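K.L.:
So that we are looking at the same thing, I have put the structure below in structure tokens.
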Amino acid sequence: MMLEKILACIKELNPFGYVLLEEEEASEELFFLGNKIELQRAKQVKRHTLTLYKDFKYNGESFLGDAKVSIPDNSSTSEIRSILSRAEVMASYVQNKPYPLAKPENLVLETSFEPSPFLEQDLAFWVNQIAEELLSADLTQRVSLSAAEIILSRGSRRIITSEGIDCRFPRANCYLETITSAKGTGEEVELFKKRDFSSYKSGELKEALENQGVLTLHRAEALKTPRNFTGDVLIPSEHLKTLFQYYYSQGAAQSVYEGISGFSMGGAFQEGDGDKITLNLLPYLPASPCNQPYDPQGVLLKPVTLLERGIVKSFWGDPQYSHYLGIPVTGALENLEVGEGSSTQEELRGEPYLEAVVFSDFIISPQTGDFGGEIRLAYIKDGNGRIPVTGGSISGNLVDCQNSILFSKERVREENFYGPALSRFKGLTVAGVS
Amino acid sequence: MKGNSTFLRENHKALKELIGLLTERYPWASVLGTDCSGLNYEVTGSSFKVSESMWSERGFVARIYYRNSYFEYSFSSFKPGGVRGIVEKIAHFVDSVSSVSLAKEVLTFDPPAEEKIFLQEGFPLEEDPLETDPGKIFTIMKELKDKILAGSKLIVSAKVRYEGVRIAKVYISPEKDLSQAYVWSQCYLFVYLRDGQRTRRAFRGYSGARGPSLLMDLESKIEPLIQEGLSLLETEKIRPGEYEVILSPEISGLIAHEAFGHGVETDMIVRGRSKAGEYMGKRVGSPLVSMRDGAASCRDVSSYFFDDEGTLAGDTLVLDKGILVSGLSDKLSASLLGIKPTGNGKRESFERRAYARMTNTFFCPGESTFQEMLKTVSHGYLIDKMISGMEDPKNWGIQCETLFAWEIRDGRLTGKLASPVMLTGYIPEVLGNITMVSRDLELSGCGSCGKGYKEYVKVSSGGPYIKTKMRLG
Numbered sequence: 004m005m006l007e008k009i010l011a012c013i014k015e016l017n018p019f020g021y022v023l024l025e026e027e028e029a030s031e032e033l034f035f036l037g038n039k040i041e042l043q044r045a046k047q048v049k050r051h052t053l054t055l056y057k058d059f060k061y062n063g064e065s066f067l068g069d070a071k072v073s074i075p076d077n078s079s080t081s082e083i084r085s086i087l088s089r090a091e092v093m094a095s096y097v098q099n100k101p102y103p104l105a106k107p108e109n110l111v112l113e114t115s116f117e118p119s120p121f122l123e124q125d126l127a128f129w130v131n132q133i134a135e136e137l138l139s140a141d142l143t144q145r146v147s148l149s150a151a152e153i154i155l156s157r158g159s160r161r162i163i164t165s166e167g168i169d170c171r172f173p174r175a176n177c178y179l180e181t182i183t184s185a186k187g188t189g190e191e192v193e194l195f196k197k198r199d200f201s202s203y204k205s206g207e208l209k210e211a212l213e214n215q216g217v218l219t220l221h222r223a224e225a226l227k228t229p230r231n232f233t234g235d236v237l238i239p240s241e242h243l244k245t246l247f248q249y250y251y252s253q254g255a256a257q258s259v260y261e262g263i264s265g266f267s268m269g270g271a272f273q274e275g276d277g278d279k280i281t282l283n284l285l286p287y288l289p290a291s292p293c294n295q296p297y298d299p300q301g302v303l304l305k306p307v308t309l310l311e312r313g314i315v316k317s318f319w320g321d322p323q324y325s326h327y328l329g330i331p332v333t334g335a336l337e338n339l340e341v342g343e344g345s346s347t348q349e350e351l352r353g354e355p356y357l358e359a360v361v362f363s364d365f366i367i368s369p370q371t372g373d374f375g376g377e378i379r380l381a382y383i384k385d386g387n388g389r390i391p392v393t394g395g396s397i398s399g400n401l402v403d404c405q406n407s408i409l410f411s412k413e414r415v416r417e418e419n420f421y422g423p424a425l426s427r428f429k430g431l432t433v434a435g436v437s
Numbered sequence: 009m010k011g012n013s014t015f016l017r018e019n020h021k022a023l024k025e026l027i028g029l030l031t032e033r034y035p036w037a038s039v040l041g042t043d044c045s046g047l048n049y050e051v052t053g054s055s056f057k058v059s060e061s062m063w064s065e066r067g068f069v070a071r072i073y074y075r076n077s078y079f080e081y082s083f084s085s086f087k088p089g090g091v092r093g094i095v096e097k098i099a100h101f102v103d104s105v106s107s108v109s110l111a112k113e114v115l116t117f118d119p120p121a122e123e124k125i126f127l128q129e130g131f132p133l134e135e136d137p138l139e140t141d142p143g144k145i146f147t148i149m150k151e152l153k154d155k156i157l158a159g160s161k162l163i164v165s166a167k168v169r170y171e172g173v174r175i176a177k178v179y180i181s182p183e184k185d186l187s188q189a190y191v192w193s194q195c196y197l198f199v200y201l202r203d204g205q206r207t208r209r210a211f212r213g214y215s216g217a218r219g220p221s222l223l224m225d226l227e228s229k230i231e232p233l234i235q236e237g238l239s240l241l242e243t244e245k246i247r248p249g250e251y252e253v254i255l256s257p258e259i260s261g262l263i264a265h266e267a268f269g270h271g272v273e274t275d276m277i278v279r280g281r282s283k284a285g286e287y288m289g290k291r292v293g294s295p296l297v298s299m300r301d302g303a304a305s306c307r308d309v310s311s312y313f314f315d316d317e318g319t320l321a322g323d324t325l326v327l328d329k330g331i332l333v334s335g336l337s338d339k340l341s342a343s344l345l346g347i348k349p350t351g352n353g354k355r356e357s358f359e360r361r362a363y364a365r366m367t368n369t370f371f372c373p374g375e376s377t378f379q380e381m382l383k384t385v386s387h388g389y390l391i392d393k394m395i396s397g398m399e400d401p402k403n404w405g406i407q408c409e410t411l412f413a414w415e416i417r418d419g420r421l422t423g424k425l426a427s428p429v430m431l432t433g434y435i436p437e438v439l440g441n442i443t444m445v446s447r448d449l450e451l452s453g454c455g456s457c458g459k460g461y462k463e464y465v466k467v468s469s470g471g472p473y474i475k476t477k478m479r480l481g
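Respectively, the protein sequence lines represent chains A and B.
Mapping of the first sequence onto the numbering used here: position 62 corresponds to residue 65, and the numbering continues sequentially without gaps.
Mapping of the second sequence onto the numbering used here: position 185 corresponds to residue 193, and the numbering continues sequentially without gaps.
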């Protein structure tokens, strides 16, 4: 057994500390070209990742170095020894101030924690269920499915550390990619949608694909985004999720310690009349692909309130940077929950707006807050009703506009994000094309 | 450095046996074996880090041709059960899915046809990233980081990142027995500045088909990096609209990659996802524009001897003086289109499927100089430093985000800067509006290229300075 071989080699080396991850993963994958299967794949792999810690002194100063290496499956004992020895040498040059490693804690599973259904039955069963749902979607006459990918994987992660942590938990994820095309009055157009999830409700995927078909048709019939639009911009949850990467990054202990973040504990980061932001980090969100009880360093994950009504309440961090800042270790939580806003979606849509529904790619710089994307489909509402438009781009800076954002009361789930279904932004730049 | 992977050499016999046993059951089979290992070094204002590269992988992927279809099985070990055990697992998978999929429609492929080739190749390995003294690498990186931090009081942090990767692969089928090995490296310099509530970040990236010697030439790059960082504290908003632009070699490479590279990947064409299929042999750009792609078209981070499907490296002329003349193919899409694969079948790792992907993609040099181009611009921008790009090959749209747009007025750079800037456009217009192409040719291979939002592979892209018109926002 690889695990025993690796542990025996670690014992021989007797390092200051270690974190060993063993991951097993199996997948079944279906690739569609139109409605026909193009390729079928399966995977069965095992991975081992070791972080080796070494304490040492240099010029009279104490350091705790570490090196993270992978140990390929089926490595021989001599190969493992060689990899460990190289890791130890590398760690001896990593001059980081000492910090304590994660300690064991008793896991108390949240009562709401529901294991992924993908952990039961054969993978092939679920892949076929998902494929059947996609192929049964009722796309209108002018819309078709160009391509689809279903990659369903499951397995387990075991974490063993020198501090006595030994935990194992299952993991499951489905990656689903659908591309729909539609013919309107002009050229044929397409829309791309990808989603990761660890569970779904029967009929949900079919409905999502049918909705994608409707949006594709709207893109096919869209007018060019006008050059003179200067109103507010509505951004739905799918892209709001991207914008919250900025707050997640600003709240990271490392960003704060290195002075890249402007956040300070207890500090207010919003002024003005907009909705005040609340952001919680959670170990578990229904259907999220990021659910896990422990992070990869063996830190037991518990809910953390990062921001509360525009005030920085805490930071999140690993053992190293949490120790440097003198704050509790939270570990790396990957599920984000954003508090509700003050208006209904209907109220947010009450005034003229441009609602950006699909971008080519919507991106944000987690350090600066600059964000933007090219518009594949948006709707403009003015005195003439709600009209689909396409082309051009939207850009802005979150620091500049965070004081006036309005969020909807209604909240929805998007992969590892649960937050307002809709948000309204002032002062963004819309670069139209006609 | 021929056959430098002991692991792959030791498993060569088992892989031959695997192909022998599989072809007793199925009409055709192949296997790709990978042994790629790399290290990622990072030095910031507060810490040191060394970790395994995201490009490290070791394992196998078998491809089976059966009932006119293809099946694949990825595995990391022959244990337990040895070669026969893997054959049984593959057989179980193929039997189970081929019976289930009978209920669905399946694409059919012609039987694979390969030429008989034996090849053992490797680029000279003067410096192995894994064997280089880590103390030496950290010392150079720390000196670079300290120099950046000392550049201004407004600098709050700095980061230097180096990644070096050693690649070894074998491909075996009834007709082919191929092995190859090579290295590549990349390095980033980052500077973070704060002025009041605002954080700004500037960066420079360097890459090449070489080892840690890449780090040796970077000291002279620090002062320009700091100046760029400081200039980002005083930027102006650009007025959205269409402008005359000069694209730096890095950005012309980004345009080549996003605008045309993705659109001529033939798996996009067979999916009906690219307009390029309708334009083969037709004019799509100015006569000044030619474009190439190929693992054998130059020596950079995506230069190899054979791709992940065992097709030998190509050097493909994609655009010839504005005429679209060729796509970039993997084996499956080439088979469906009835064309020869071009050596562009690449996988993120042995764990993933192969797609048609770019390698080293670039616009070919022209005859102008940068200064000549500058003089012709009355009001426009010099665009430089890629942040990101996204393709839309179906509708020939393009989205690129860049860090710098330096204002040009009356043929001169004014020193005024807009940042960041979103470039959008309709590809035939962008390529058709090209009026000048410089004599330069620079390629850059930092970062990675995805297919949509996944399947990351190493590519390089570049070109000369190009003058055209684009929409900025």
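Even glycine gets a Cβ: it sits at the ideal position worked out from N, Cα and C.
Since this is a predicted model, take the numbers as computed values, not measurements.
Taking the straight line between their C-alpha atoms, what separation do you get for E25 (chain B) and G90 (chain B)?
P.N.:
The alpha-carbon atoms of E25 (chain B) and G90 (chain B) are separated by roughly 11 Å.
K.L.:
For S398 (chain A), which residues in chain B fall below 7 Å Cβ to Cβ?
P.N.:
The contacting residues are M430 and G481.
K.L.:
Let me check understanding here. Comparing Cα to Cα, which of B:P88, B:E135, B:V178 and B:P35 lies closest to T14 (chain B)?
P.N.:
Comparing Cα positions, the closest option is B:V178.
K.L.:
Buried or exposed, going by whether 16 or more other CB atoms sit within 10 Å of the CB of S165 (chain B)?
P.N.:
Classification of S165 (chain B): buried, given that the 10 Å Cβ count is 16 or more.
K.L.:
Where M9 (chain B) and I331 (chain B) are concerned, what is the direct C-alpha to C-alpha distance, given to the nearest angstrom?
P.N.:
Confidence at M9 (chain B) is low in this model, with a pLDDT of 46, below 50, so the placement of that residue is unreliable and no value is reported for it.
K.L.:
Mapping DSSP to helix, strand and coil, what is L126 (chain A)?
P.N.:
Note: L126 (chain A) maps to helix in three-state DSSP.
K.L.:
Does the count of Cβ pairs from the segment 97-107 of chain A and the segment 42-51 of chain A closer than 8 Å reach three?
P.N.:
No: fewer than three Cβ pairs fall under 8 Å.
K.L.:
Listing by chain order, which chain A residues have their CB less than 8 Å from the CB of F56 (chain B)?
P.N.:
Under the 8 Å cutoff, chain A gives G68, Y96, V97, Q98 and N99.
K.L.:
Just confirm the distance between the C-beta atoms of L285 (chain A) and E343 (chain A), as a whole number of angstroms; I'd bet it's less than 8 Å.
P.N.:
In fact, because the Cβ distance is near 16 Å, the residues do not count as touching under 8 Å.
K.L.:
Can you find a C-beta in chain A that's less than 8 Å from the C-beta of G11 (chain B)?
P.N.:
With a pLDDT of only 46 at G11 (chain B), under the threshold of 50, the placement of this residue in the model should not be trusted; the figure read from the coordinates follows. Closer than 8 Å: no.
K.L.:
Kindly list, in the order they appear in chain A, the residues whose Cβ is closer than 8 Å to that of S104 (chain B).
P.N.:
Within 8 Å Cβ-Cβ: A127.
K.L.:
Relative to chain B, which residues along the segment 165-188 of chain A have a C-beta separation below 7 Å, given in chain order?
P.N.:
The segment 165-188 of chain A vs chain B, Cβ under 7 Å: E180, I182 and S184.
K.L.:
Can you give me, in chain order, the residues of the segment 407-419 of chain A that have a beta carbon less than 8 Å from any beta carbon in chain B?
P.N.:
If the cut-off is 8 Å between Cβ atoms, the segment 407-419 of chain A has nothing near chain B.
K.L.:
Quick one: which chain A residues come within Cβ less than 8 Å of S84 (chain B)?
P.N.:
Within chain A, the residues near S84 (chain B) are Q47, V48, K49, R50, P75, D76 and N77.
K.L.:
By how many angstroms is the C-alpha of L87 (chain A) removed from the C-alpha of S426 (chain A)?
P.N.:
Taking the straight line joining both Cα atoms gives about 50 Å.
K.L.:
Using the rule of at least 16 other Cβ atoms within 10 Å of the residue's Cβ for burial, across every protein chain shown, is N419 (chain A) buried or exposed?
P.N.:
Its Cβ being crowded by 16 or more others within 10 Å, N419 (chain A) is buried.
K.L.:
Are the CB atoms of I474 (chain B) and F370 (chain B) nearer to each other than 8 Å?
P.N.:
No, Cβ-Cβ distance for I474 (chain B) and F370 (chain B) is not below 8 Å.
K.L.:
When burial is assigned at 16 or more other CB atoms within 10 Å of the CB, is L226 (chain A) buried or exposed?
P.N.:
Per the 10 Å Cβ criterion, exposed.
K.L.:
Select from A:F428, A:G68 and A:A175 the residue whose C-alpha is nearest the C-alpha of Y21 (chain A).
P.N.:
The residue with the shortest Cα to Cα distance from Y21 (chain A) is A:G68.
K.L.:
What is the residue span of the beta strand (DSSP E) that G342 (chain A) lies within?
P.N.:
It is not in any beta strand (DSSP E) - G342 (chain A) carries neither H nor E in the DSSP assignment.
K.L.:
The ligand PLP heavy atoms versus the CB of Q295 (chain A): any closer than 7 Å?
P.N.:
For the structure depicted, the ligand PLP is absent and the ligand set is empty, with no information on it obtainable.
K.L.:
May I have the straight-line CA-CA distance separating I391 (chain B) from K477 (chain B), to the nearest angstrom?
P.N.:
Rounded to whole angstroms, I391 (chain B) to K477 (chain B) spans 11 Å at the Cα level.
K.L.:
Grouping DSSP H, G and I as helix and E and B as strand, with all else coil, what is T14 (chain B)?
P.N.:
In the structure shown, T14 (chain B) sits in a helix (DSSP, three-state: H, G or I).
K.L.:
Using DSSP's beta-bridge definition, name the partner residues of R291 (chain B).
P.N.:
Answer is B:I331, bridged to R291 (chain B).
K.L.:
Identify the contact partners of E183 (chain B) in chain A, using a Cβ-Cβ distance below 9 Å as the criterion.
P.N.:
Residues of chain A passing the Cβ test: none, with the nearest at roughly 21 Å.
K.L.:
Since L137 (chain A) and S30 (chain A) are thought to touch, with beta carbons under 8 Å apart, how far apart are those beta carbons, to the nearest angstrom?
P.N.:
That pair is no contact at about 18 Å.
K.L.:
Can you look up N131 (chain A) in the DSSP assignment and give me helix, strand or coil?
P.N.:
DSSP places N131 (chain A) in helix when its eight states are reduced to three.
K.L.:
Is G254 (chain A) closer than 8 Å to V272 (chain A) when the C-beta atoms are compared?
P.N.:
It should be pointed out that residue 272 (chain A) corresponds to Phe in this sequence rather than to Val. No, Cβ-Cβ distance for F272 (chain A) and G254 (chain A) is not below 8 Å.
K.L.:
Measuring alpha carbon to alpha carbon, tell me which of A:F232, A:E261 and A:E123 ends up nearest L431 (chain A).
P.N.:
Nearest option by C-alpha distance: A:F232.
K.L.:
How far does the alpha helix (DSSP H) with K8 (chain A) in it reach, from first residue to last?
P.N.:
Unbroken alpha helix (DSSP H) run through K8 (chain A): M5 to L16.
K.L.:
Using the beta-carbon count (16 or more within 10 Å), is A121 (chain B) buried or exposed?
P.N.:
Result: exposed.
K.L.:
For a quick check, are the C-beta atoms of F79 (chain B) and I72 (chain B) less than 8 Å apart?
P.N.:
Contact flag set, yes.
K.L.:
Rounded to whole angstroms, what is the Cα-Cα separation between S198 (chain B) and S38 (chain B)?
P.N.:
Checking the displayed sequence, the identity of residue 198 (chain B) turns out to be Phe instead of Ser. The straight-line gap from Cα to Cα measures roughly 43 Å.
K.L.:
Could you compute how far the alpha carbon of G301 (chain A) sits from the alpha carbon of D321 (chain A)?
P.N.:
So the two alpha carbons sit approximately 10 Å from each other.
K.L.:
Residues of chain A with a CB under 7 Å from the CB of D400 (chain B): which are they?
P.N.:
Per Cβ cutoff of 7 Å: S363.
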